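Report on the following structure.
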Amino acid sequence: MFKGLAAFPLTPLVNGKPDEKTFVSLIENLAAARVNVIAPLGSTGSYAYLSREQRARLTALSTDAAGDIPVMTSIGALRLEEMLDLADDAQRAGA
């Protein structure tokens, strides 16, 4: 099903909030390196410490910055309802 390199980037934080500029730079660098898929907001992406709004924003930034590289963002959550909301957000962002 999957081939090649999947990149799981960190989510840079400043004072507990996502550093969007640095995050976009990370995604752009991964896209320039031609990884096969970019998978933000997993366990290395600190998803558990981010709000739904922050996660939706970072997912949208990821899909924009990744260009033609597929983005497979995490929708992990403790409650099913929250996971379904995150899935909707990811789909709207094109992930």
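With my numbering as the guide, the letters of the sequence shown map in order to residues 7 to 101.
We put the beta carbon where it would ideally sit given N, CA and C, even for glycine.
Note that this is a predicted model, so its numbers are computed, not measured.
Counting every other CB atom within 10 Å of its CB across the protein chains shown gives V77 a total of 16 or more, marking it as buried.
P46 and L19 do not touch by the CB rule: their CB atoms are close to 13 Å apart, not below 8 Å. For V77, the secondary structure class from DSSP, reduced to helix, strand or coil, is strand.
It is roughly 30 Å from the alpha-carbon of A83 to the alpha-carbon of A38. Annotation: the continuous alpha helix (DSSP H) that includes R61 extends over 58 to 72. In the displayed model, K23 falls within a strand according to three-state DSSP. In the DSSP secondary-structure assignment, I33 is not bridged to any residue.
DSSP places A54 in the helix class (H, G or I) of the three-state scheme.
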